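Read the structure below first, then the notes.
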Amino acid sequence: WLDVVRYADSITLRGFLFPEAWRYRDLVISTLNEDRPFDHFLVQQLAGDLLPYASDRERHDNVVATSFLVLGNHNLEDQDKEKLRMDAVDEQLDVIGRGILAQTIGCARCHDHKFDPIPTEDYYSLAGVFAGTQMFNQPLEGAEVGKDGQGKNPDESLHIVRDDRPSDLKVMIR
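In this note's numbering, the protein residues as written are 11 to 184.
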């Protein structure tokens with residue numbers, strides 16, 4: 011599973027460290043060792059930040075599980091921020107396609123294939139869901155926090171994905 015989700019202790023080709031990546035690795039190992047239900051394991055990874063929790067430990071595991079969506083190589087030096095953002099969304103869709111659907115869906119970013127089950131329209135519909143998330147440096151306990159609520163020091167932060175919806179969006183959803 012760790013190979014499929016592109017697990018590594020760095021997040022760029024230049025080797026910038028992802029110092030808290032081990033937390034995701036340990037969560038996967040404990041999930042498999044404890045034989046937890048696979049469906050809950052997948053839900054945790056896709057929407058752990060939104061799941062209800064009964065304890066601080068469960069909340070921690072839910073949030074750490076969302077690292078599933080931020081692992082892998084990223085070109086953080088790209089000057090085109092919108093392209094960088096869409097490349098991150100493409101990475102998220104790629105890992106979902108390979109890890110959950112057992113198929114590649116990256117081709118649909120540019121064009122339709124006659125026999126592919128995912129057309130370009132569906133690809134961008136799903137991309138719209140992930141474009142509504144935010145990559146966030148969740149400060150660990152005792153870490154210094156910036157004005158934006160993110161951890162100031164990456165070594166003391168957990169790199170996760172969280173919901174970035176406007177607060178009034180729930181009014182529009184039936």
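Cβ coordinates follow ideal geometry from the N, Cα and C atoms, glycine included. Source: prediction; values computed, not measured.
- request: Just the C-alpha distance for L81 and D97, rounded to the nearest angstrom, thanks.
  value: Counted from its first residue, the sequence shown places residue 81 at position 71. Counted from its first residue, the sequence shown places residue 97 at position 87. Cα to Cα, the separation comes out at about 13 angstroms.
message: Using 8 angstroms as the cut-off, can you tell me whether the stretch 12-21 makes contact with the stretch 105-118, which would need three or more C-beta pairs spanning the two stretches below that distance?
response: yes
message: Between the alpha carbons of Y133 and D90, how many angstroms are there, rounded?
response: If you number the sequence shown from 1, residue 133 lands on position 123. If you number the sequence shown from 1, residue 90 lands on position 80. Approximately 22 angstroms, taken between the alpha carbons.
- request: Name the one or two DSSP bridge partners that G161 has.
  value: On the sequence shown, position 151 is the one that residue 161 refers to. Residue pairing from DSSP places G161 in a beta bridge opposite V155.
field: Reference T41, options G58, D71, L56, closest by Cα
entry: Reading the sequence shown from its first residue, position 31 is the one you call residue 41. Closest option to T41, Cα to Cα, is D71.
task: Please state whether DSSP places Q54 in a helix, a strand or coil.
output: The sequence position of residue 54 within the sequence shown is 44, counting from 1. Three-state DSSP puts Q54 in a helix.
message: Rounded to whole angstroms, what is the Cα-Cα separation between L136 and Q113?
response: Taking the sequence shown and counting its residues from 1, one reaches residue 136 at position 126. Taking the sequence shown and counting its residues from 1, one reaches residue 113 at position 103. Computed Cα separation, rounded: 15 angstroms.
field: Alpha-carbon to alpha-carbon, F125 and T143
entry: Walking along the sequence shown from the start, residue 143 turns up at place 133. Walking along the sequence shown from the start, residue 125 turns up at place 115. Those two C-alpha atoms are separated by around 30 angstroms.
- prompt: What is the DSSP secondary structure of S16, reduced to helix, strand or coil?
  reply: Here residue 16 refers to the residue found at position 6 when the sequence shown is read from its first residue. In the sequence as presented, Ser is not what sits at residue 16; that position holds Arg. It is coil, neither helix nor strand.
query: So is E30 buried or exposed if we call it buried at 16+ other beta carbons inside 10 Å?
result: Within the sequence shown, the letter at position 20 stands for residue 30. Label assigned to E30: buried.
- prompt: With distances taken from CA atoms, which of T76, D49, A64 is nearest L37?
  reply: In the sequence shown, the residue the question calls residue 37 occupies position 27. Considering only alpha carbons, the answer is T76.
query: Three-state secondary structure (DSSP) at M182?
result: Within the sequence shown, residue 182 is the residue found at index 172, counting from 1. Reliability fails at M182, whose pLDDT of 41 lies under 50, so the model's placement of it is uncertain and no value is given.
Beta-carbon gap between V99 and A141 smaller than 9 angstroms: Numbered from its first residue, the sequence shown carries residue 99 at position 89. Numbered from its first residue, the sequence shown carries residue 141 at position 131. Less than 9 angstroms separates the beta-carbon of V99 from that of A141.
field: Nearest-angstrom Cβ-Cβ length linking L150 and G159, presumed shorter than 8 angstroms
entry: Here residue 150 refers to the residue found at position 140 of the sequence shown. Here residue 159 refers to the residue found at position 149 of the sequence shown. L150 to G159, Cβ: 13 angstroms. No contact.
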